Amino acid sequence: QALTTIDARSPVPKYFQLREILLDLIENELTVDAPVPSERELAARYGLSRMTARQAVEHLVSEGRLYRVQGKGTFVARPKIDMPLRLTSFTEDMRARGLTPGSRDLGRHEIEATAALARELSVEIGSPVYVIERLRTADGVPMALERSHIPAHLAPDLLTESLVERSLYDLLASYGLVLDRGEQVIEAGIADTNDAGLLGLAPGSAVLLLQRHCWAGQVAVEYAVSTYRADRYQLRASLDIAS
Ligand code: GLP
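One rule links them: number in the working numbering = place in the sequence shown (from 1) + 828.
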């Protein structure tokens, strides 16, 4: 049952009780972009100090459940996309959520593998590698920047294909490259001015930096470096017991 009042004798901190009340309000009563009561109103309504009310609101702002607009108030944020960590494509992930995936082409070229890239893709230094840079969108809204590196000999005509409405992984499958294993590293990061501009974020906003390697059998097919909006994504992994 949802909390509706603050229990002063509970060992649960008051700000945390208020956080639960607000979460219930956000999830069940308010719509995205609706205002939440001010800290003063919350303090009065629940018999709390302004400081406790502020602590609860600040917690929800830092969790990305609420956002503040200077001089206007605090509002309900759009729920983040809950992304399971699996070897799926952006296209599949968005479709599974009823969103329309899209891409903006930010550049496609062939380069010679640097030492670092050669190591990531298990190819010789100097061998041709395709680089595909895309701004990924969901229902037209920027979600992520992705830079994929693919050994050119694996998919010779790849750069002649348009990827604006096409899935890279589908295209790779048409070359017989069926990805069956991946590895991903995820780090916290800060958007620089350029990335922030493309993603529609304020410079300095938090982002998730992803590096993905994937293989088809023994063959390393993609090394991707991506920047995802931290205000739009939360990542979910199911945890196995270490063996
Ligand atoms: C994910 C991965 C990328 C990969 C992309 C393929 O977003 N992080 O490494 O390139 O999927 O997506 P699609 O097949 O939709 O082009």
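Backbone N, C-alpha and C fix where the C-beta goes; we use that ideal spot for every residue, glycine too.
These numbers were taken from a predicted model, which means no experiment stands behind them.
#1: Alpha carbon to alpha carbon, how far is Ser1071 from Tyr1003?
#2: What span of residues does the beta strand (DSSP E) with His887 cover, start to end?
#3: Pick from Val959, Pro984, Lys900, Gln1012: whose alpha carbon is nearest that of His977?
#4: Using DSSP's beta-bridge definition, name the partner residues of Thr1055.
#5: Any heavy atom of the ligand GLP closer than 7 angstroms to the beta-carbon of Asp998?
#6: Given that a residue counts as buried once 16 or more other Cβ atoms are within 10 Å of its Cβ, and exposed if not, what is Pro912?
#7: Is the separation between the beta-carbon of Arg923 and that of Pro929 shorter than 8 angstroms?
#8: Using a Cβ-Cβ cut-off of 6 angstroms (strictly less than) and excluding sequence neighbours within five positions of Leu927, which residues of its own chain qualify?
#9: Checking 8 angstroms against the spacing of the C-beta atoms, do Leu986 and Asp1023 come in under that value?
#10: Go through the region 998-1029 residue by residue and report every complete run of the alpha helix (DSSP H) that reaches 4 residues or more, in order.
#11: State buried or exposed for Pro1031, treating a residue as buried only when at least 16 other CB atoms are found within 10 Å of its CB.
#12: By the 10 Å Cβ neighbour count, where 16 or more other Cβ atoms means buried, how is Phe918 classified, buried or exposed?
#13: Answer with buried or exposed for Arg837, where buried requires no fewer than 16 other C-beta atoms within 10 angstroms of its C-beta.
#14: Say yes only if the C-beta of Leu1038 is nearer than 7 angstroms to one or more non-hydrogen atoms of the ligand GLP, and no if none qualify.
#15: Go to Leu934, then tell me how far its beta strand (DSSP E) extends in each direction, as first and last residue.
#16: Measuring only from the beta carbon, is Ala944 closer than 7 angstroms to any heavy atom that is part of the ligand GLP?
#17: Using a Cβ-based criterion (distance less than 7 angstroms to any ligand heavy atom), does Pro839 qualify as near the ligand GLP?
#18: From Leu894 to Thr916, what does the alpha carbon distance come to, in whole angstroms?
#19: Per DSSP, Gln1062 is paired with what?
#20: Give every residue of the same chain whose Cβ lies closer than 8 angstroms to the Cβ of Val992, excluding the five residues on either side of it in the sequence, and list them in chain order.
#21: Would you say Leu934 faces chain B, with C-beta separation under 8 angstroms as the test?
#22: Does Asp861 pass the burial test, meaning 16 or more other C-beta atoms within 10 Å, or should it be called exposed?
#23: Only counting the same chain, and skipping five residues up and downstream in sequence, which positions put a Cβ closer than 8 angstroms to that of Ser866?
#24: Smallest Cα separation from Val969: which of Ser1033, Leu1027, Leu858, Gln883?
#25: Check each candidate in Ala1001, Glu1011, Ala1034, Ala871 and name the one with the smallest Cα separation from Asp1020.
In brief:
#1: On the sequence shown, residue 1071 is found 243 positions in, with the first residue counted as 1. On the sequence shown, residue 1003 is found 175 positions in, with the first residue counted as 1. Looking at the two C-alpha atoms, the distance is approximately 36 angstroms.
#2: On the sequence shown, residue 887 is found 59 positions in, with the first residue counted as 1. Counting along the chain, no beta strand (DSSP E) covers His887; the unbroken alpha helix (DSSP H) around it starts and ends at 878-890.
#3: By 1-based counting over the sequence shown, the position of residue 977 is 149. When Val959, Pro984, Lys900, Gln1012 are compared, the shortest CA-CA separation from His977 is found for Val959.
#4: Looking up residue 1055 in the sequence shown gives position 227. BP columns for Thr1055 point to Leu973, Leu1037.
#5: One-based indexing of the sequence shown puts residue 998 at position 170. Correct: Asp998 has its Cβ closer than 7 angstroms to the ligand GLP.
#6: Your numbering for residue 912 matches position 84 in the sequence shown. With fewer than 16 other Cβ atoms within 10 Å, it is exposed.
#7: The sequence position of residue 923 within the sequence shown is 95, counting from 1. The sequence position of residue 929 within the sequence shown is 101, counting from 1. Contact flag set, yes.
#8: For the purposes of this step, residue 927 is taken as residue 99 along the sequence shown, with counting starting at 1. The beta carbon of Leu927 is closer than 6 angstroms to those of Ala966, Asp967 in its chain, skipping five residues each way along the sequence.
#9: Translated into the one-based positions of the sequence shown, residue 986 becomes position 158. Translated into the one-based positions of the sequence shown, residue 1023 becomes position 195. Cβ atoms of Leu986 and Asp1023: not closer than 8 angstroms.
#10: Secondary structure in the region 998-1029: the alpha helix (DSSP H) runs of 4 residues or longer, each lying completely within the stretch, are 1021-1027 in chain order.
#11: Locating residue 1031 in the sequence shown gives position 203, where the first residue counts as 1. The C-beta of Pro1031 has fewer than 16 other C-beta atoms within 10 Å across all chains shown, which makes the residue exposed.
#12: Reading the sequence shown from its first residue, position 90 is the one you call residue 918. Of the other Cβ atoms in all chains shown, 16 or more fall within 10 Å of the Cβ of Phe918; this residue is therefore buried.
#13: Position 9 of the sequence shown holds residue 837. Counting Cβ neighbours within 10 Å, Arg837 comes out exposed, since fewer than 16 surround it.
#14: Locating residue 1038 in the sequence shown gives position 210, where the first residue counts as 1. True, at least one ligand heavy atom lies under 7 angstroms from that Cβ.
#15: Your numbering for residue 934 matches position 106 in the sequence shown. Run containing Leu934: 929-940, per the beta strand (DSSP E) assignment.
#16: Here residue 944 refers to the residue found at position 116 of the sequence shown. Not under cutoff, so the answer is no.
#17: Taking the sequence shown and counting its residues from 1, one reaches residue 839 at position 11. Answer for Pro839: no, Cβ out of range of the ligand GLP.
#18: The residue you call residue 894 lines up with position 66 of the sequence shown. The residue you call residue 916 lines up with position 88 of the sequence shown. Whole-angstrom Cα-Cα distance: 29 angstroms.
#19: Sequence index remark: in the sequence shown, residue 1062 carries index 234 (1-based). Here Gln1062 is bridged, per DSSP, to Asp910.
#20: Reading the sequence shown from its first residue, position 164 is the one you call residue 992. Closer than 8 angstroms at Cβ, skipping near neighbours: Gly930, Ser931, Arg932, Asp933.
#21: The structure shown contains no chain B; it holds only a single protein chain.
#22: Here residue 861 corresponds to residue number 33 of the sequence shown, with the count starting at 1. Around the beta-carbon of Asp861, fewer than 16 other beta-carbon atoms lie within 10 Å, marking it exposed.
#23: Sequence index remark: in the sequence shown, residue 866 carries index 38 (1-based). The answer, listed in chain order, is Gly901, Thr902.
#24: Taking the first residue of the sequence shown as position 1, residue 969 is located at position 141. It is Leu1027.
#25: Indexing the sequence shown from 1 puts residue 1020 at position 192. Considering only alpha carbons, the answer is Ala1034.
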